[in-house]
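Under the working numbering, the first residue of the sequence shown carries the number 751, and numbering increases by one thereafter. Cβ atoms here follow ideal geometry from the backbone N, Cα and C, with glycine treated the same way.
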Amino acid sequence: MGKLIGYARVSTRQQDADRQVSDLLAAGVRRDDIYVDSGVSGGRASRPQFDQAVTALEEGDTLVITTLDRLGRSTQNMLAFAEALRGRGAGLRVLNLGGGDVDTATPMGSMVFTVMAALAQMELEIKRERITDSVAKRRAAGKDLGGRRQTFTDSQIRNALRLIEGGELATQVARDLGMSRATLYRRIRELPQATTI
């Protein structure tokens, strides 16, 4: 029997992979054989530690991941990857798949993996659809969608300049507009025939 190679991934640098690493260790993966990508999205093609983990796999070895989404976002890519591993004589083991772990080295495990990969992609598409619907509803209701603040017209910036020239504190005027003082000064400088402060 070959060795177990573990892979963990977190999408942002603020997250940590401690739980995934603990699960991999509990599954029998040696600490030296665990590869972790931090701040790397599953949709990105470049995952340096993932590439190293795959390179470390030899015939008879098994790549161990905690959840299916650690592999990537698309069912097609996940299935192609599992097939490529099988072609190299390596296996794939997913620890938390449907309450148990699935090993693609077995026919049953391979079938379950295929179904779960399709379900994972469907879940992602449903989530995407919900977000799109939510944005459409908020837009229709005239609610704030977040993102960049509105841009201000030259007329609004001139009015702000008049307030400052009239004795108002620039910091307060900028705060009332919802921008920083530095941004307000920059916008004043950019006005056609701007009056310098």
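Return yes when the Cβ of residue 867 is within less than 7 Å of the Cβ of residue 825, no when it is not.
-> yes
Comparing alpha-carbon positions, which option in 771, 886, 838 lies nearest residue 758?
-> When only C-alpha atoms are compared, the closest one is 771.
Which class does residue 787 belong to by DSSP, given the choice of helix, strand or coil?
-> strand
Alpha carbon to alpha carbon, what distance is there between residue 828 and residue 808?
-> 19 Å
Using 10 angstroms around the beta-carbon of residue 832, count the other beta-carbons present and answer buried if the total reaches 16, otherwise exposed.
-> Buried, since its Cβ has 16 or more Cβ neighbours within 10 Å.
Measure the C-alpha to C-alpha separation of residue 765 and residue 799 and round it to an integer number of angstroms.
-> 16 Å
Between the Cα of residue 942 and the Cα atoms of 921, 926, 907, which residue gives the shortest distance?
-> Sorting 921, 926, 907 by C-alpha distance to the C-alpha of residue 942 places 907 at the top.
Check whether residue 816 and residue 845 have beta carbons under 7 Å apart | yes
From residue 919 to residue 896, what distance separates their C-alpha atoms?
-> 28 Å
Start and end of the beta strand (DSSP E) containing residue 759?
-> 754-760
So who's on the other strand from residue 812, going by DSSP bridges?
-> 754, 841
Would the beta-carbon of residue 804 fall within 7 Å of that of residue 754?
-> no
May I ask you to report which of helix, strand or coil DSSP gives residue 766?
-> coil
Measure the C-alpha to C-alpha separation of residue 778 and residue 830 and round it to an integer number of angstroms.
-> 26 Å
Check whether residue 859 and residue 811 have beta carbons under 7 Å apart | no
Who are the Cβ neighbours of residue 762 in its own chain at under 7 Å, not counting the five residues just before and after it?
-> Non-local beta-carbon contacts of residue 762 in its own chain, meaning distances under 7 Å to residues more than five positions away in sequence, involve 789 in chain order.
Which one or two residues does DSSP pair with residue 853 in a beta bridge?
-> 843
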